[in-house]
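Undergrad: This is the structure I have questions about; it appears just below.
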Amino acid sequence: MSSKPSIPKGTRDFLPEVMVKRNYIFSTIRTVFEKYGFLPIETPSMENLSTLTGKYGEEGDQLLFKILNSRIHESNKKDQLRSEFELSLEKSRNSEILTEKALRYDLTVPFARFVVQNQNELSFPFKRYQIQPVWRADKPQKGRYREFFQCDVDVVGSDSLIHEIELVLIIDEVLSKLGLTDVTIKLNNLKILSGIAEVCGEKEKLVAITVAIDKLDKIGIDGVIKELREKGVSENAIQKMDPLFALNGSNEEKLRSLSTFLELSETGLKGIEELSYVLENVNKIGVGKANIEFDVTLARGLNYYTGAIFEVKANNVQMGSITGGGRYDDLTGLFGLKGMSGVGISFGADRIYDVMNELNLFPDSVLASTKVLFINFGEAEQFYSMKIASDFRKKGIACEVYPSSVKMAKQMKYANDKKVPFVVMIGSKEMDSGLITFKDMNSGEQFSGKPEDLISRIK
RNA sequence: GUGGUUGUAGCUCAGUUGGUUAGAGCAUCAGAUUGUGGUUCUGAGGGUCGUCGGUUCGAACCCGAUCUUCCACCCCA
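What follows is the structure in structure tokens.
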């Protein structure tokens, strides 16, 4: 029996009205990326499972969309398939006989794979951008989809902090171009977090510690301490961490008190130095309205970051981070290419869309693709209009001729609904005089003149 | 994955202890206005009440399952 067709949970169809707005976001981002010298690449939707597993931590592995191997019903190893499947029911495991491919989880790890694989074609430092969908087998919520677009910029083969500085400038420029001015760019450095763990004498508990203090905002000091205890962090270490929770003041003040805290950790001090350098120089160059904040509690779970960590939050909107990233010193090392430091960020296009939609930040002009609509008064008038429309298009003006000579109110309404700014009327009067009548739909004013008069008005 | 929540017209939502033909606003379409939209007036169309099953003389309403939405945890764009 036929039931309504549907699409998988967490995926969406995009109607034209939505697509125009999405494309506005993509093209804004792309334009900025290119202005900073980044070049586009694409990689396949699916990667070998072995490329992805183990790169995102245990949680990440669970969120991979694995692809079942094709034609297993034709296999002559059915016993092996059965026993592997039985084992998979008991615990998470990857068995190549069952699944050897997965949809990509992000764009960074496939990029590292790409760099290693194509290293002889690339010249370093290599700056690339990549705008493609990624997939996560997460439980969907608001702002959390199973298929969504990431817009990544990364540079590999350079450990210069100039890139960290430029990434902050890129974030600022993209978001202010989109009208997202009330945002906070949070910065931290993994070396600072390592230093903290070191000073507390719990170096090997780094992940547990960072994950716990990341939740400070949410669960408070007591909650963090409780979680630290549960994770087996010693009382002594927890006590030592106390000053961290009291950090406040300007970025400089926070860094100063932290450098005292970290004075015995070479790594920690290096982190402070890097972060100070980035903050100082970003300030010198200057950004728009974005707040830039050093946040010690900012810890991203990804276990490949080694230096700078970035995260961007839109203020006054209930939405997770809209951009995130960091520096990874040895991601290509996992694929056999040592000594290639990389750093990059990723804009979450779908979340940016949701935030912009909620705050009504899409300009009307985004929706107005057609600049001129020619009213259709009949066949002779229609072809006369089409000739002029053709001239307009040669001048780069998007226009259309209404397809049939239905009553004018309907044609006007079409222009109005589509937010077309100018309507041209050519009836027998205009055909005789060689002039055209055109109306400015915003002001309601109507003029008579040559086609060039309208063109100059539009430009 | 665990726990909870939601679903009624294209959209936002009413719908009484279970009781004739399920309503409103907005949107759509038609007319008032045969060369003038966005304002106004009149009218019309549009629903298997998420889906499947159960209880009942009778279900939008009660029960079960399933899907979906949103929320918390986990994690994250």
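In this note's numbering, the protein residues as written are 826 to 1284.
Don't be surprised by glycine CBs; every beta carbon is placed ideally from N, CA and C.
1. Is the beta carbon of ARG938 sitting closer than 8 Å to the one on THR876?
2. At which residue ranges does the stretch 1166-1251 contain complete alpha helix (DSSP H) runs of 4 or more residues, listed in the order of the chain?
3. Within its chain, find whatever has a CB closer than 8 Å to the CB of ILE1251; leave out the 5 residues flanking it on each side and keep chain order.
4. Got a sec? Which residues, its chain only, sit under 6 Å from SER827 by beta carbon, not counting five neighbours each side?
5. Count the other C-beta atoms from every protein chain shown that fall within 10 angstroms of the C-beta of PHE974, then say buried if there are 16 or more, exposed otherwise.
6. Can at least three beta-carbon pairs, one atom from the stretch 1125-1142 and one from the stretch 950-964, be found at a separation below 8 Å?
7. Could you give the distance in angstroms between the alpha-carbon of MET1237 and the alpha-carbon of SER852?
8. Since ASP931 and SER1166 are thought to touch, with beta carbons under 8 Å apart, how far apart are those beta carbons, to the nearest angstrom?
9. Nearest to GLU1183 by CA position, among SER1171, ALA1223, VAL1142 and GLY1221, is which residue?
10. Figure out for me which residue from SER900, LEU1053 and TYR1102 has the closest Cα to the Cα of MET1066.
11. Between TYR1178 and the rest of its own chain, which residues show a CB-CB distance below 7 Å, the 5 nearest in sequence each way excluded?
12. Let me know the secondary structure DSSP gives TYR954 once reduced to three states.
13. Under 8 Å, do SER1001 and GLY1113 count as touching if we go by C-beta distance?
14. To which residues of the same chain is GLY982 closer than 7 Å at the C-beta, ignoring the five residues directly before and after it?
15. Kindly identify the DSSP beta-bridge partner or partners of PHE949.
16. Under 6 Å Cβ to Cβ from HIS988, same chain only, skipping five residues before and after it: list those, please.
17. Which word fits LYS880, buried or exposed, when buried means at least 16 other C-beta atoms lie within 10 angstroms of its C-beta?
18. Rank ARG907, THR868 and ILE1280 by C-alpha distance to the C-alpha of PRO935 and give the top, closest one.
19. Which residue comes first and which comes last in the beta strand (DSSP E) that contains SER1273?
20. Please classify PRO869: does DSSP put it in a helix, a strand, or coil?
21. What are the start and end residues of each continuous alpha helix (DSSP H) run of 4 or more residues lying completely inside the stretch 991-1053, in chain order?
22. Classify GLU1088 as helix, strand or coil using the three-state DSSP reduction.
23. Which residues share a DSSP beta bridge with TYR1153?
24. Using DSSP's beta-bridge definition, name the partner residues of GLN966.
25. Would LYS1016 and GLY1096 qualify as a contact pair, given that the criterion is a beta-carbon distance under 8 Å?
26. Quick check on this structure: which residue in LEU1069, VAL1049, GLU1023 and ASP1155 has the alpha carbon closest to the alpha carbon of VAL941?
27. Which residues bound the alpha helix (DSSP H) around ASP1257?
28. How should VAL1248 be labelled, buried or exposed, when 16 other C-beta atoms within 10 angstroms of its C-beta is the threshold for buried?
TA: To lay it out plainly:
1. Position 113 of the first sequence, counting from 1, holds the residue named residue 938. Position 51 of the first sequence, counting from 1, holds the residue named residue 876. THR876 is positioned such that its CB atom lies closer than 8 Å to that of ARG938.
2. Listed in chain order, they are 1174-1183, 1189-1192, 1204-1219 and 1233-1242.
3. Numbered from its first residue, the first sequence carries residue 1251 at position 426. Correct list, in chain order: PHE1199, ILE1200, PHE1202, GLU1206, TYR1209, SER1210, ILE1213, ILE1261 and THR1262.
4. Locating residue 827 in the first sequence gives position 2, where the first residue counts as 1. Model confidence at SER827 stands at a pLDDT of 38, short of 50, so the residue's coordinates are unreliable; what they give is reported in the following sentence. Hits under 6 Å: none found.
5. As a position in the first sequence, residue 974 is number 149, starting the count at 1. Of the residues assessed, PHE974 falls on the buried side of the cut-off, its CB having 16 or more other CB atoms within 10 angstroms.
6. Pairwise C-beta distances place the stretch 1125-1142 out of contact with the stretch 950-964, as fewer than three of them are shorter than 8 Å.
7. The residue you call residue 1237 lines up with position 412 of the first sequence. The residue you call residue 852 lines up with position 27 of the first sequence. Rounded to the nearest whole angstrom, the CA to CA distance from MET1237 to SER852 is 30 Å.
8. As a first step, residue 931 must be located in the first sequence, where it is residue number 106. As a first step, residue 1166 must be located in the first sequence, where it is residue number 341. Here ASP931 is actually not in contact with SER1166; their C-beta atoms are around 18 Å apart, not less than 8 Å.
9. The residue you call residue 1183 lines up with position 358 of the first sequence. Checking every option, the nearest Cα to that of GLU1183 belongs to VAL1142.
10. Against the first sequence, residue 1066 aligns to sequence position 241. Per the Cα distances, LEU1053.
11. Position 353 of the first sequence holds residue 1178. For TYR1178, where only same-chain residues beyond five positions count, the Cβ hits under 7 Å are LYS846, ARG847 and ILE850.
12. Counting from one through the first sequence, the residue named residue 954 turns up at place 129. The DSSP-derived three-state label of TYR954 is strand.
13. Position 176 of the first sequence holds residue 1001. Position 288 of the first sequence holds residue 1113. With contacts defined by Cβ atoms closer than 8 Å, SER1001 and GLY1113 form a contacting pair.
14. Position 157 of the first sequence holds residue 982. Correct list, in chain order: PHE949, PRO950, PHE951 and MET1165.
15. Here residue 949 is taken as the residue at index 124 of the first sequence, counted from 1. According to DSSP, PHE949 shares a beta bridge with no other residue.
16. What you label residue 988 is simply residue 163 of the first sequence in a count that begins at 1. Hits under 6 Å: VAL980 and VAL1168.
17. By one-based count along the first sequence, residue 880 stands at place 55. So LYS880 counts as buried.
18. Position 110 of the first sequence, counted from the first residue, corresponds to residue 935. The shortest C-alpha separation from PRO935 is found at THR868.
19. Taking the first residue of the first sequence as position 1, residue 1273 is located at position 448. In the DSSP assignment, SER1273 falls within the beta strand (DSSP E) that extends over 1271-1274.
20. In the first sequence, counting from the first residue as 1, residue 869 sits at position 44. The DSSP-derived three-state label of PRO869 is coil.
21. Taking only runs of at least 4 residues, the alpha helix (DSSP H) segments lying wholly in the stretch 991-1053 are 1015-1024 and 1031-1038.
22. Numbered from its first residue, the first sequence carries residue 1088 at position 263. Here GLU1088 sits in coil by DSSP.
23. If you number the first sequence from 1, residue 1153 lands on position 328. GLY1167.
24. Residue mapping note: residue 966 aligns to position 141 of the first sequence, counting from 1. Beta-bridge pairing links GLN966 to ARG969.
25. For the purposes of this step, residue 1016 is taken as the residue at position 191 of the first sequence. For the purposes of this step, residue 1096 is taken as the residue at position 271 of the first sequence. Between LYS1016 and GLY1096, the C-beta spacing is below 8 Å.
26. What you label residue 941 is simply residue 116 of the first sequence in a count that begins at 1. Put simply, of LEU1069, VAL1049, GLU1023 and ASP1155 the residue whose alpha carbon is nearest the alpha carbon of VAL941 is ASP1155.
27. By one-based count along the first sequence, residue 1257 stands at place 432. Looking at the DSSP string, the run of the alpha helix (DSSP H) that includes ASP1257 is 1253-1258.
28. As a working note, residue 1248 is residue 423 in the first sequence. It counts as buried.
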